[in-house]
Amino acid sequence: MKRTIAFLISIIAVTTMYAGVRLPSVISDGMVIQRGQPILIWGWADSGEKFEVSWQDVSYPVEADENGNWQITFPAMNAGGPHTLKADTLEVKDILIGDVYLCSGQSNMELPVRRVTDLFAKEIAEYENNAIRQFIVPKVTDFNTEREDTPQASWTPCDQENVMEFSALAYFFAKEIHAKTKVPVGIVNASWGGTPIEAWMSERSLQAYPHYINEKQLYEDEGYMKRIKVMEGEHFHRWNSILYANDPGYHGQEPWFSESYNDRNWPEVDMFSKKWGNDGMNPRGGSHWLRKSFKVSRKMAGKEGILRLGCIVDADSVYVNGQFVGSTGYQYPPRIYRIPEGLLKEGENNITVRVVSNGGQPSFVPEKPYKIIIGKKDIKLEGKWKYRMGAPMPPAPSMMFFCYKPVCLYNAMISPLRNLRFSGVLWYQGESNVDRRNEYADLLTKMMQDWRMTFMAPNMPFYIVELAEFLHKDDKAGRAAWDYMREQQAKAAKENANAVLIKNKDLGEWNDIHPLDKKTLGKRAAKAAIDDLKKNN
């Protein structure tokens, strides 16, 4: 038995040692390589391994160094393709040469095309372009090491199969650039909702901010992080379990979402009022049930419909005539649920919404669509609803979002890209730094300087998207804070060469931190990028 185990261990050791030639995730089928700049191809192999890399039908000898690293540089090329790259037995097909942009930031950069179809459905459905491609950098964190590679991911073309997952801003940005240049456009999408700028900065760039360095050190122990994640998961699961177990809407004599449930004694409330969901002074966490009756004509009965419930704070579960039709777990996404064929009947119908508040004021966000769409007809749902408190709860346990912590995203999502070359960086971030806005211009300056060093491109352009208008006109303090943040963005753009501020304030929506008009914004950013391309090509 011991000999058998030893033999198996030796096989594993040999297999690990001779892992063969490997390329980074981003060098894969369908990639776009920056035109007009030397082309760096890199990867890993066994120490001292010799093999050939083929490009443009010419083979070149390559040898891995003692650490297993190898790289080779080819001359710059004009736009075109497709091309094929071979590294030993590996083959990367359908490579285009064009203009590549790093698109980074938080949720307004990450926001996918599927979230803006309300405004641009026809345009999106009618457009495909294999010369526009996106690589989404997988969401990972690392507090200890500047990584050399990302988890496995792939380049996807702008077609109907993949377009809905494109960054909406990057989609319109790339579409406009390609329309003007006729050159392939590659989008490297490294974004993560809610993240502050310091998460995207390297440790060396934060040396003037020791509190961020010290904060980063808190999370260098992976075991500590795992214990926090387990504990938080258990706490949140228990909170939801207690909420469900004590919710009379689920466990009464008849479920409150039942089609036949009698809600005659429920008080009526204005759905947009702040008077429901609190005790008269303070908001109440837990579950809140709202019901509304509506009538359906004979012509509309039985047909499939689309239920629009705007946005809801925080989470919701929705039932139509007692049948579950959908749920959303947090406040920001638009609620769009399909009502299946045969569910709506002639005459009286009802809808039940179970809203879960994590501790703040539950609400339906005003000035959003609340209706049922059947063909070209709408059934309006605004106005009075029946209301009843379900299970009151203390605030939900807070969660530690490690991706919000300093350095971790630079290490895991930017550092692995360092051998790529870009036409520029499109940066949409800042909402999560408004509370610390005084330091933002300096942080953004330091980040731009450091990324230019990382990518060995001292003149790499940055297109900085101004924060969109947000918050109600009566929230003067909040709006002033956002205005000051815009001044910080403008200062960074003004004081740094090859940095441009992309105007965006006028495209905002007071009731939505994620404004939908990414087309106008994309065109504005593209104009700045095209101006730079004209100067440099």
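Numbering-wise, this note's numbering comes out as the position in the sequence shown, counting from 1, plus 12. Don't be surprised by glycine CBs; every beta carbon is placed ideally from N, CA and C.
Alpha carbon to alpha carbon, how far is residue i from residue j?
i: TYR342; j: ASP326; result: 5 Å
i: TYR221; j: VAL152; result: 24 Å
i: ASP544; j: PHE414; result: 36 Å
i: ASN431; j: ASP454; result: 26 Å
i: ARG366; j: PRO407; result: 17 Å
i: SER166; j: ASP41; result: 7 Å
i: LEU230; j: PRO36; result: 30 Å
i: LEU181; j: ALA191; result: 16 Å
i: ALA541; j: THR193; result: 11 Å
i: ASP100; j: SER66; result: 8 Å
i: ASN141; j: SER203; result: 23 Å
i: GLY235; j: ASN445; result: 29 Å
i: ALA91; j: TRP439; result: 25 Å
i: ILE525; j: ALA480; result: 8 Å
i: LYS98; j: PHE147; result: 20 Å
i: GLU316; j: ILE351; result: 6 Å
i: ILE318; j: ILE348; result: 7 Å
i: SER119; j: ILE225; result: 24 Å
i: ARG159; j: TYR416; result: 18 Å
i: SER339; j: PRO346; result: 11 Å
i: MET121; j: ARG216; result: 25 Å
i: ARG276; j: ARG296; result: 23 Å
i: GLU78; j: GLN501; result: 45 Å
i: LYS488; j: ARG250; result: 39 Å
i: ASP390; j: ASP328; result: 22 Å
i: LYS311; j: MET237; result: 57 Å
i: MET293; j: PRO374; result: 13 Å
Determine the DSSP secondary structure at residue i, reduced to helix, strand or coil.
i: ARG350; result: strand
i: MET29; result: Note that MET29 has pLDDT 45, beneath the 50 cutoff, so the model's placement of it is unreliable and no number is given.
i: VAL368; result: strand
i: MET312; result: coil
i: TYR113; result: strand
i: GLY261; result: helix
i: ARG400; result: strand
i: ARG320; result: strand
i: ASP290; result: With the sequence shown as reference, residue 290 is identified as Asn, and Asp is not the correct amino acid for it. Looking at ASN290 - three-state DSSP - the assignment turns out to be strand.
i: THR532; result: helix
i: ALA469; result: coil
i: ASN274; result: coil
i: GLU78; result: coil
By Cβ distance below 7 Å, which residues in the same chain neighbour residue i in space, the five residues on each side in sequence not counted?
i: GLY314; result: GLU353, GLY354 and LEU356
i: PRO208; result: TYR416, SER444 and ASN445
i: TRP632; result: Residue 632 lies beyond the residue range present for the chain, which begins at 13 and ends at 549; the question has no answer from this structure.
i: GLU227; result: LYS417 and PRO418
Only counting the same chain, and skipping five residues up and downstream in sequence, which positions put a Cβ closer than 8 Å to that of residue i?
i: TYR382; result: MET283, ARG320, LEU321, GLY322, PHE376, LYS392, LEU393 and GLU394
i: PRO94; result: LYS105, ASP106, ILE107 and LEU108
i: ALA137; result: GLN172
i: LYS503; result: ALA453
i: THR457; result: ALA504, GLU507 and ASN508
i: ILE21; result: Since pLDDT at ILE21 reaches only 41, below the 50 mark, its modelled position is unreliable, and no value is offered.
Considering only residues of the same chain and omitting the five flanking positions on each side of residue i, which have a CB-CB separation below 6 Å?
i: LYS550; result: The structure shown does not extend to residue 550, since the chain is modelled only from 13 to 549, so the question has no answer here.
i: PRO50; result: THR85 and ALA88
i: ILE363; result: LYS304 and VAL332
i: ALA403; result: LEU255, ASN258, ASP259, GLY298 and SER299
i: LYS62; result: GLU75
i: ARG400; result: TRP278 and TRP301
i: GLY117; result: SER203, TRP439, TYR440 and GLN441
i: GLU177; result: PRO124
i: TYR183; result: VAL125
i: MET405; result: LEU255, GLY297 and GLY298
i: TRP54; result: GLN83 and ASN431
i: ARG464; result: PRO470 and MET472
i: THR96; result: LYS105
i: ARG34; result: GLY55 and TRP56
Is it true that the CB of residue j sits closer than 8 Å to the CB of residue i?
i: VAL125; j: VAL195; result: no
i: SER369; j: HIS300; result: yes
i: ASN516; j: GLU478; result: yes
i: TYR475; j: ILE514; result: yes
i: ALA493; j: ARG449; result: yes
i: GLY48; j: ASN523; result: no
i: GLY198; j: VAL337; result: no
i: LEU52; j: GLN83; result: yes
i: TYR307; j: GLU360; result: Strictly speaking, residue 307 in this sequence is Lys, with Tyr absent from that position. It is a contact, given that the beta carbons lie within the stated cut-off.
i: VAL44; j: LEU429; result: no
i: GLU188; j: GLY436; result: no
i: HIS247; j: PRO470; result: no
Could you check whether the Cβ of residue i sits closer than 8 Å to any Cβ belonging to chain D?
i: LEU483; result: Among the protein chains of the structure shown there is no chain D, as only one such chain exists.
Task: Stretch-stretch touch, CB-based, cutoff 8 Å, three pairs: the region 520 to 537 with the region 129 to 149 - done: yes
- [ ] Specify whether the region 152 to 161 and the region 416 to 423 touch according to this definition: at least 3 beta carbon pairs, one from each stretch, less than 8 Å apart.
- [x] yes
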